[in-house]
Amino acid sequence: MDAQSLINEFELPFQLYDVLNTEQLCQHPKFAEHSRDTFDATIDTAKKIATDLFLPHNTVADKNEPQFDGKKVTMLNDVKVAFDAYRHSGFIAGRYDFDQGGMQLPETVMTAVAGYFMAANPSTTAYPFLTTAAINVLMHFANDEVKQAFVPRMLSGDFTGTMALTEPHAGSSLADIRTTATPHDDGTYRIRGSKIYISGGDHELAENIVHLVLAKVPGGPAGVKGISLFAVPKYRLDANGKPAERNDVHLAGLIHKLGYRGTTSTALSFGDANDCVGYLIGEVHFGLRYMFKMMNEARIAVGFGAAMIGYRGYQYSLAYAKDRLQGRVAPHLKPDDPAAAIIEHGDVKRMLLAQKAYSEGGMALCLYGSNLIDRINTCDDDTQKQALSELLDLLTPVLKAWPSEYGPKANDLGIQVLGGAGYTREYQAEQFWRDNRLNPIHEGTNGIQALDLTFRKLWQNQGLGLQVLQQEIARDLIAISTSQTAKLANKLQIYIEQLQPLLQHVGQTLSTPKAVTLSANAQALMTVFATIVMSWIWIRQASKAEQLLALTEDGAKQNFYRGKIQAAKYFIDWELPLIQRDIELLTTDNAVCHSMQPEWF
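Per the UniProt record's numbering, the very first residue in the sequence shown carries number 1; after that it's consecutive.
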């Protein structure tokens, strides 16, 4: 594969500047020292590092997983080289203010930066990404002493971070965790318990690892209300803030996953010698609330990562389809006619177009979500800020679940395009699928996202988020001035008009005994809601592409814009009508899944 095909050269400028008008952020004091030139320079740096240092060892790391000899973890040196280049570039601190050692860049730009790294090598990228997520929690909720101890060294990449939630017996059901935190006379806590599936939980890439650990303080409330959050370093710090003696947290073993094989997945043991020191973050018993800050941001990152891995597989299979000669296409069907590239065959076009719609759609969705964060951070009107925050909260389950549902579907189609070659390890198509298959599970399964949307997000704050979303969609549809996109908008309007009575029905069902069926039917509601949102996201792209198409004579750009319009047509014509089944299931309170008994399986 040509390294330059990590991301189409027109894609990010189109998303950032044409669709999202990211340049406008520079008018706000927070980003006044930036311009499109500084944004582009940052993205170009990411492209170079990702291409030169992350991409080359992606497959090598997949074939040569980290090893644990009982004392330390070893991995390819290429991972350390790439990680160091990433941290020395300042990307870990990129979104933080200048006075914190950051580059004070918009979230939208930092997400675009992430696109190159996720496309190039998601496994190595996981280490700095997890660190950034942990920093976010500490910055928002830790006291000054804990912040000063860890955050500066994490921003520089000298320390990395993890999220330690899951236990062997408690995955999504965090209320059932057993890890304990006992208060100590010096104000610290002694942590004891086990965690599993902790990504980046042990390695030699940095001087220290700061685990954010969920635990229960003895005597606290039962369930999630009794969960607290602690910073637990691999090494304790000396008087100068440098790593000193080993804390009582140890690697019990590495877990070997289907994909993301270059990222250590660990089982960790805390307090085997009753001497694991942890530092309380925020207030006792508020841990889950704090961790959700990290998880919500991580959910957007998971969705975007899934879109980018899907996109990488799409680009890979697209290049293969252009080069692979097989069969003939009418009217050139004679045996002595030259073979055609498989991209000329109708079903291959269908599969490539679906991949394009899924991956580029997911990318655009998550960039929109990142831009929402920037709009919130630069909004001076408290009422409007609250409204935008509710919109982001409403869309977060979709931002995570839709790309992580359809990114792997794109990779699956990528394998199919390669035919028999797609099933072999000599080609990368199968690795893309394996890497992406984690994302429907990561940071809360897609089923949990559907439950969150169905039972919470649609209704919180009197449905304010939904109201704002409807306003945003209506404003975009009214503004359409081009003929092809207008036809697509008319098709979407049919389903928008069905959504309101559907949600009224679901809302009424929540207060009746039939509400229990929604636990089994929540995925149907997610499908309806997310597909309508994605149709809008595609119409936003098609509208801008159709406008720009009329203004350029550049053949390459014309092809790019026509491709956007065609992908939007595919999504509206092929994907959107499929939600009619789910609408019917929901409006009839279909109980087939709910009423199935365990004994009948």
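The beta carbon of each residue, even a glycine, is placed where N, CA and C say it ideally should be. Just so it is clear, the structure is predicted and the values come from calculations on it, not from any experiment.
Asked                                                                                                                                                                    : Found
For Pro331, is the classification buried or exposed, using 16 other Cβ atoms within 10 angstroms of its Cβ as the cut-off for buried?                                    : exposed
How is Leu205 classed by DSSP in three states: helix, strand or coil?                                                                                                    : coil
When the Cα atoms are used, what is the spatial distance from Asn21 to Ala520?                                                                                           : 40 Å
In the structure shown, what three-state DSSP assignment does Met1 receive?                                                                                              : Residue confidence for Met1 is low, a pLDDT of 41 falling below 50, so the modelled location carries little weight; the figure read from the coordinates is stated next. Looking at Met1 - three-state DSSP - the assignment turns out to be coil, as it is neither helix nor strand.
Ala181 bridges to which residues according to DSSP?                                                                                                                      : Ile191
Taking the alpha helix (DSSP H) that Val398 belongs to, which residues open and close that run?                                                                          : Asp382 to Leu418
Report the CB separation of Leu388 from Ile300 in whole angstroms; it is logged as a contact under 8 Å.                                                                  : Rounded, the Cβ-Cβ distance is 15 Å, inconsistent with contact.
Rounded to the nearest angstrom, what separates Met363 and Ala307 at their Cα positions?                                                                                 : 5 Å
What ranges does the alpha helix (DSSP H) occupy inside the segment 453-539, keeping only unbroken runs of at least 4 residues that lie completely in it?                : 460-478 and 483-509
Sort Ser265, Leu518, Ile43 and Ala545 by Cα distance to Ala450 and report the nearest one.                                                                               : Leu518
Determine whether the beta carbon atoms of Glu204 and Lys71 lie at a separation below 8 Å.                                                                               : no
Nearest CA to the CA of Gly223: which residue from Ile373, Ser269, His285 and Met295?                                                                                    : His285
In the DSSP output, what is Leu251 paired with across the bridge?                                                                                                        : Leu268
In whole angstroms, what separates the C-alpha of Leu76 from that of Glu65?                                                                                              : 8 Å
Quick one: give me the first and last residue of the alpha helix (DSSP H) that Pro122 is part of.                                                                        : Pro122 to Phe141
Enumerate, from N- to C-terminal direction, the unbroken alpha helix (DSSP H) stretches of 4 or more residues contained entirely within the segment 41-67.               : 58-63
Give the single residue among Thr531, Ile342 and Thr424 whose Cα lies nearest to the Cα of Leu578.                                                                       : Thr531
How would you label Thr380, buried or exposed, when you count the other beta carbons within 10 angstroms and need 16 or more for buried?                                 : Inspection of the sequence shows that residue 380 is occupied by Asp rather than by Thr. Asp380 should be labelled exposed.
Check whether the Cβ atoms of Val146 and Leu138 lie closer than 8 Å to each other.                                                                                       : yes
For Gly278, which residues does DSSP report across the bridge?                                                                                                           : Tyr189
Enumerate in chain order the residues of its own chain whose CB-to-CB distance from Ala170 is below 8 Å, with the five nearest sequence positions on each side excluded. : Asp176, Ile177 and Arg178
Would you check if there are 3 or more beta carbon pairs closer than 8 Å linking the segment 336-355 to the segment 420-440?                                             : no
If I'm right that Ile209 touches Lys242 with Cβ under 8 Å, what's the distance once you round it to whole angstroms?                                                     : Actually they do not touch by this definition, with Cβ atoms about 15 Å apart.
Please name the residue, chosen from Ile496, Asp382 and Gly262, that lies closest to Val60 on a Cα-to-Cα basis.                                                          : Gly262
Buried or exposed: where does Gly303 fall if 16 or more other Cβ atoms within 10 Å of its Cβ makes it buried?                                                            : buried
Does DSSP classify Tyr368 as helix, strand or coil?                                                                                                                      : helix
Here's a check: name, in chain order, each residue in its chain whose Cβ is nearer than 7 Å to the Cβ of Leu318, leaving out the five neighbours to either side.         : Leu352
Assuming Thr162 and Gly200 make a contact with CB atoms under 8 Å, what is their CB distance in whole Å?                                                                 : 5 Å
In or out: Thr485 buried (at least 16 other Cβ within 10 Å) or exposed?                                                                                                  : buried
Leaving out five residues before and five after Tyr423 in sequence, what residues of the same chain have Cβ atoms less than 8 Å from its Cβ?                             : Ile415 and Glu430
Would Leu488 and Val528 be called neighbours here (beta carbons separated by less than 8 Å)?                                                                             : no
Exposed or buried, what is Asn296 when buried is set at 16 or more other beta-carbons lying within 10 Å of its beta-carbon?                                              : buried
Which residue from Asp337, Val329, Glu575 and Pro335 puts its Cα closest to that of residue 602?                                                                         : No answer is possible for residue 602: the residues shown for the chain start at 1 and end at 601.
Check whether the segment 4-15 and the segment 103-117 touch, using three or more Cβ-Cβ pairs below 8 Å as the test.                                                     : yes
Who are the Cβ neighbours of Leu392 in its own chain at under 6 Å, not counting the five residues just before and after it?                                              : Leu372
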